[in-house]
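Student:
Number of protein chains: 2
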Amino acid sequence: MSDRWKEYLRENQDRYLAELVELLRIPSVSTDPAYQEEVRRAAVWVANRMRQAGIADAQVMETDGHPVVYGEWMKAEDKPTLLIYGHYDVQPADPLEEWSSPPFEPRIKNGRVYARGASDMKGNILLPIIACEALLATTGTLPVNVKFLFEGEEETGSPSLEAFIAKHRQQLACDLVVIADGGVGSEEEPVVTTARRGMASLQLKVKSADTDMHSGFGGGLAPNAIHALTQILDSMRDAEGRILVDGFYDEVRPLTSAEREKIAAFPLHLDEFKTNTGIEDFFGEPEYTPQERVTARPTLDVNGVWGGYQGEGTKTVIPCEAYAKITCRLVPDQKPEQICHHLQLHIEQHAPKHVKVTVEMGPGADPYRLPDDHPGLFALERVLEEVSGNPVKRRWEGSTVPVKSVFKRILAAESVTLGGSQGDRTHAPNEFYRLNNFERIQKAFCLFFYEYGSRD
Amino acid sequence: MSDRWKEYLRENQDRYLAELVELLRIPSVSTDPAYQEEVRRAAVWVANRMRQAGIADAQVMETDGHPVVYGEWMKAEDKPTLLIYGHYDVQPADPLEEWSSPPFEPRIKNGRVYARGASDMKGNILLPIIACEALLATTGTLPVNVKFLFEGEEETGSPSLEAFIAKHRQQLACDLVVIADGGVGSEEEPVVTTARRGMASLQLKVKSADTDMHSGFGGGLAPNAIHALTQILDSMRDAEGRILVDGFYDEVRPLTSAEREKIAAFPLHLDEFKTNTGIEDFFGEPEYTPQERVTARPTLDVNGVWGGYQGEGTKTVIPCEAYAKITCRLVPDQKPEQICHHLQLHIEQHAPKHVKVTVEMGPGADPYRLPDDHPGLFALERVLEEVSGNPVKRRWEGSTVPVKSVFKRILAAESVTLGGSQGDRTHAPNEFYRLNNFERIQKAFCLFFYEYGSRD
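If you read the protein sequences in the order shown, they are chains Y and P.
Using the UniProt record's numbering, you'd call the opening residue of the first sequence number 1 and step up by one each time.
Using the UniProt record's numbering, you'd call the opening residue of the second sequence number 1 and step up by one each time.
1. For Pro-143 of chain P, go through chain Y and note every residue whose CB falls closer than 8 angstroms to its CB, in chain order.
2. Between Leu-172 of chain P and chain Y, is any beta-carbon pair separated by less than 8 angstroms?
3. Identify, in the order they occur along the chain, each residue of the same chain with its Cβ nearer than 8 angstroms to the Cβ of Gln-59 of chain Y, setting aside the five sequence neighbours on each side.
4. Can you name the residues of chain P whose CB is closer than 7 angstroms to the CB of Asn-224 of chain Y?
5. Can you give the Cα-Cα distance for Asn-436 of chain P and Ala-365 of chain P, rounded to whole angstroms?
6. Where are the beta strand (DSSP E) runs, 3 residues long or more, that stay fully inside the segment 120-185 of chain P, in chain order?
7. Taking C-beta to C-beta, are Ile-120 of chain Y and Gln-91 of chain Y nearer than 8 angstroms?
8. Given that a residue counts as buried once 16 or more other Cβ atoms are within 10 Å of its Cβ, and exposed if not, what is His-346 of chain Y?
9. Is it a yes or a no for the segment 386-404 of chain P touching the segment 221-241 of chain P, going by three-plus beta-carbon pairs under 8 angstroms?
10. Going by C-alpha distance, which of P:Gly-65, P:Gly-54 and P:Gly-362 is nearest Leu-204 of chain P?
11. Who are the Cβ neighbours of Thr-211 of chain Y in its own chain at under 8 angstroms, not counting the five residues just before and after it?
12. Taking the beta strand (DSSP E) that Tyr-323 of chain P belongs to, which residues open and close that run?
13. Is Thr-314 of chain P close to chain Y, meaning its C-beta is less than 8 angstroms from at least one C-beta of that chain?
14. For chain P, is any of its Cβ atoms less than 8 angstroms away from the one on Pro-103 of chain Y?
15. If you count every other CB in all the chains shown that lies within 10 Å of the CB of Leu-370 of chain Y, and 16 or more means buried, which is it?
16. Output needed for Ala-20 of chain Y: all residues of its chain with C-beta closer than 7 angstroms, excluding positions within five of it in sequence on either side, in chain order.
17. For a contact meaning CB atoms closer than 7 angstroms, what does Glu-162 of chain Y contact in chain P?
18. Who are the near neighbours of Ala-93 of chain Y in its chain, counting only those whose CB is closer than 8 angstroms to its CB and skipping five residues on each side?
19. Please classify Gly-218 of chain P as buried or exposed, where buried requires at least 16 other C-beta atoms within 10 Å of its C-beta.
20. Is it buried or exposed for Leu-244 of chain Y, if we count other Cβ within 10 angstroms and need 16 for buried?
21. Taking the CB atoms as reference points, tell me whether Ala-413 of chain Y and Leu-176 of chain Y lie closer together than 8 angstroms.
22. Kindly indicate which residue of P:Gly-311, P:Asn-224 and P:Gly-140 has the alpha-carbon position closest to the one of Ala-34 of chain Y.
23. So the candidates are P:Ala-131, P:Gly-376 and P:Leu-83; which of them puts its Cα closest to the Cα of Pro-171 of chain P?
24. Going along the segment 363-388 of chain P in order, which residues come within less than 8 angstroms of chain Y, judged by CB to CB distance?
25. Does Ser-208 of chain Y come within less than 8 angstroms of chain P when only Cβ atoms are used?
26. For Met-361 of chain Y, go through chain P and note every residue whose CB falls closer than 8 angstroms to its CB, in chain order.
27. Taking 8 angstroms as the CB-CB limit, is Gly-198 of chain P close to chain Y?
28. Closer than 8 angstroms, CB to CB, is Asp-64 of chain P near chain Y or not?
29. Just by C-beta distance, which residues in the segment 321-332 of chain P are closer than 7 angstroms to chain Y?
30. How would you label Pro-254 of chain P, buried or exposed, when you count the other beta carbons within 10 angstroms and need 16 or more for buried?
31. I need the straight-line Cα distance from Glu-155 of chain Y to Ala-351 of chain P, nearest angstrom please.
32. Determine, using beta carbons only, whether Val-357 of chain Y comes closer than 8 angstroms to chain P.
33. For Ala-264 of chain Y and chain P, any beta-carbon pair shorter than 8 angstroms?
34. Of the residues P:Asn-12, P:Leu-161, P:Gly-453 and P:Lys-75, which one's Cα is nearest the Cα of Glu-62 of chain P?
35. What residues in its chain sit with their C-beta under 6 angstroms from that of Glu-385 of chain Y, if we drop five residues either side in the sequence?
36. Could you spell out the range, first to last residue, of the alpha helix (DSSP H) harbouring residue 474 of chain Y?
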């Protein structure tokens with residue numbers, strides 16, 4: 001194996017960074033219809049970039065929602081096939097006023113690039129493309145077959161992706177999926193992720209009247225939609241964060257002592273977490289450690305709430321409508337549909353009788369666990385040890401990559417995660433990407449192609 | 001007394017309605033700084049209209065906030081002096097999408113004019129001005145001395161008015177205040193208001209971290225500002241609407257049997273209320289009747305709540321900030337400062353320990369009761385019986401006219417209410433004014449000037 005590609009990567013880093021900045025400038029916010037054209041613009045950008053790297057057939061393919069970018073390089077005869085998955089869409093940028101610089105005007109400072117989508121996952125999406133480019137440019141070939149599947153709806157729960165995968169089941173057939181969304185820890189403490197939590201989501205509307213009322217004429221008579229919503233939301237968790245929804249914990253696989261020991265051994269930096277986020281103290285089920293709660297326990301969080309008058313000054317109104325958005329993180333063997341069903345029953349049972357409640361289910365995802373003896377896992381561990389020079393640990397992660405369970409179910413393929421994110425203000429204002437991970441994980445992709453391509 | 005003014009009123013109704021529409025077109029929203037110039041434009045319009053009516057010195061006077069419109073006619077020697085109070089500002093119009101026609105493009109339909117401020121109180125503000133015009137134009141004089149005081153900050157709790165009244169204490173000296181804000185019931189069931197509730201208000205902010213967090217990385221670790229806010233708000237009332245804030249009811253004067261009988265005799269149309277508002281059932285302290293609760297009992301309502309993601313779709317965020325606006329209606333002998341103090345203590349005691357809570361006091365107003373044997377009350381009752389042909393009842397009202405207690409304290413003057421509003425979607429979308437009240441209450445003002453001017 002020639003090492004010329006390492007030099008090639010080194011020589012081209014300035015260009016790669018300029019390309020990352022260009023991609024970050026596109027506000028591909030998939031959850032907001034106002035950005036629909038920007039989402040497509042990002043897809044076209046990525047497809048062009050793939051063709052430039054040597055994935056000659058890379059193209060934008062339609063779905064019922066935002067398009068998919070697909071491309072493949074299949075000339076490595078008798079070699080295994082990797083399917084590289086990622087997404088080119090990003091979360092909404094609000095609250096805008098908390099950004100130190102505009103979210104779609106990338107700012108480079110202290111070895112980081114700050115922008116919405118930097119960490120999740122426009123930095124990462126370039127890594128496997130650049131790796132292919134480097135290998136093709138310097139060796140004329142790749143040591144594995146590679147398929148790329150980049151979607152534009154990950155941040156809305158991938159509503160069109162499952163149908164797309166099912167429809168193109170044969171085209172997408174592979175030996176292993178590489179999820180480029182997420183990361184592999186720091187250089188000092190490399191990790192591979194072997195579990196992800198699932199997700200359930202819903203929106204709740206409380207309606208107490210046909211019209212808002214003046215509290216001088218209705219105060220004492222009229223039910224208040226916000227009070228009713230408050231009552232419902234407050235009934236869902238106890239003061240210590242345990243979830244009080246009947247049936248919520250029924251399917252949760254209990255943690256074994258061995259699992260609890262492994263979690264305890266994992267160096268999660270709690271003090272650093274506090275410093276970075278400004279929280280006073282951790283919060284959640286006291287029967288579990290913070291490490292356990294954030295990776296191996298299910299959660300219920302209200303993500304947004306609104307109703308009544310939110311402007312300047314005072315308005316003496318009794319609001320007739322109030323809304324909340326809720327998401328849950330799930331662990332094996334919870335199912336999103338079942339959890340939504342439990343939530344809906346709970347909401348109906350805890351709604352005051354004088355209000356109408358409407359529950360709208362949102363996107364969901366099954367939890368995922370990779371078998372501990374999977375060959376893709378061993379290959380990834382060897383590569384990470386080489387690019388970091390440090391021993392690699394396995395961890396469970398608390399966030400969700402919904403497609404892992406979809407790939408498993410439809411393509412019968414397991415997944416590993418390889419990316420450069422370290423969870424740096426992902427989904428929050430002042431999201432950033434660490435540039436020291438950029439070249440290092442490009443290298444890791446090249447090595448992983450060789451490592452996985454040489455398996456028996 | 002000549003009756004020529006009645007004819008004059010009749011002949012000019014089309015012009016008066018056109019003027020009302022003109023005034024309603026000015027979006028004088030005092031709570032929102034974006035409308036500052038429109039508020040001033042409304043003040044100038046009213047001053048001009050007063051001069052046109054014969055109040056020669058009518059002028060716009062500065063305060064620390066929105067201006068006051070002042071004018072007087074003081075040529076009735078040895079006659080008593082009325083101070084007519086009103087406001088030319090209006091509530092915000094949102095939620096805009098619930099208006100059947102734009103709030104500042106008045107629509108006349110079925111004997112009503114629909115617009116923000118129609119009922120509260122741009123219809124009413126014209127009544128005493130028109131009454132003076134009619135009397136001055138037809139008789140050359142007025143049977144009482146009249147002072148006009150129209151402010152532009154009523155909907156923000158009149159922050160500058162008290163200082164203005166104190167500063168101009170001698171200029172504003174009067175025998176009786178006539179509050180033109182509100183109404184005197186329908187033609188069939190005329191009523192005079194002898195009590196108003198007071199008000200206390202505050203805004204509450206909950207902060208749980210420096211930054212919003214991704215629930216995949218923080219779910220199970222991070223406190224959630226919305227859950228904490230929910231906990232605090234839910235602790236303030238029980239499931240039946242009783243207020244659980246320590247000390248809240250301490251100063252409330254108990255209702256006597258005689259008072260409860262009077263309230264019970266008052267024909268409040270509960271079924272009509274339900275039909276108009278679309279509420280399923282009344283809500284509040286079961287120990288009191290709905291009529292008692294809406295006039296003679298204090299209330300606590302959350303007027304607005306917000307936090308986290310409120311846009312389209314799903315955002316898996318743990319919000320670090322959440323807000324609520326709260327107002328209370330007060331009854332004798334509750335004091336707004338004391339009630340805010342009780343609320344603040346309650347909030348601090350019920351806030352989860354891992355969040356920071358900030359409470360900002362808003363505008364307040366004392367409750368008001370007019371003595372049952374006041375001569376202004378008798379004069380008003382005689383006038384209303386004449387213009388309606390029906391017996392007049394006395395009632396307590398649940399809404400607040402903050403200046404009543406201010407006039408009492410600073411000018412030592414009691415107040416009566418005379419206006420044409422019947423609480424028709426006041427502060428709500430599709431606010432309207434009944435045009436049959438427009439001419440009728442113009443007439444009532446003329447008669448009241450004669451009646452009160454002839455008192456011994």
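Every residue gets a Cβ at the ideal spot worked out from N, C-alpha and C, and that includes glycine.
Tutor: Put simply:
1. Result: empty, since nearest Cβ-Cβ is about 33 angstroms, beyond 8 angstroms.
2. no
3. Ala-47, Val-69, Tyr-70 and Gly-71
4. Against chain P, the beta carbon of Asn-224 of chain Y has neighbours under 7 angstroms at Asp-301 and Val-302, listed in chain order.
5. 32 angstroms
6. Within the segment 120-185 of chain P, the complete beta strand (DSSP E) segments at least 3 residues long are 145-151 and 176-179, listed from N- to C-terminus.
7. For the record, residue 120 of chain Y in the displayed sequence is Asp; it is not Ile. Yes; because the gap between Cβ atoms is below 8 angstroms, this pair is in contact.
8. buried
9. Too few Cβ pairs lie closer than 8 angstroms, so no.
10. When each option's Cα is compared against that of Leu-204 of chain P, the closest is P:Gly-362.
11. Same-chain partners within the cutoff: Cys-320.
12. 321-330
13. yes
14. no
15. buried
16. Checking the displayed sequence, the identity of residue 20 of chain Y turns out to be Leu instead of Ala. Only Val-113, Lys-122, Gly-123 and Leu-126 meet the Cβ criterion.
17. What Glu-162 of chain Y touches in chain P: nothing, since even the nearest Cβ is about 16 angstroms away.
18. Closer than 8 angstroms at the Cβ level, and outside the excluded window around Ala-93 of chain Y, lie Pro-27, Val-29, Trp-99, Pro-103, Phe-104, Arg-116 and Pro-429.
19. So Gly-218 of chain P counts as buried.
20. exposed
21. yes
22. P:Gly-311
23. Inspection of the sequence shows that residue 171 of chain P is occupied by Gln rather than by Pro. Checking every option, the nearest Cα to that of Gln-171 of chain P belongs to P:Leu-83.
24. Taking 8 angstroms as the Cβ-Cβ cut-off against chain Y, the residues of the segment 363-388 of chain P that qualify are Pro-363.
25. Yes - at least one Cβ of chain P is within 8 angstroms of the one on Ser-208 of chain Y.
26. By Cβ distance, chain P contributes nothing, its closest Cβ being about 11 angstroms from Met-361 of chain Y, past 8 angstroms.
27. no
28. no
29. Ala-322, Lys-325, Thr-327 and Arg-329
30. Note on Pro-254 of chain P: under 16 other CB atoms within 10 angstroms of its CB, so exposed under the neighbour-count rule.
31. So the two alpha carbons sit approximately 33 angstroms from each other.
32. no
33. no
34. P:Leu-161
35. Excluding residues within five positions, the ones whose Cβ falls inside 6 angstroms are Val-392.
36. One cannot answer for residue 474 of chain Y here, as it falls past the ends of chain Y, which runs 1 to 456.
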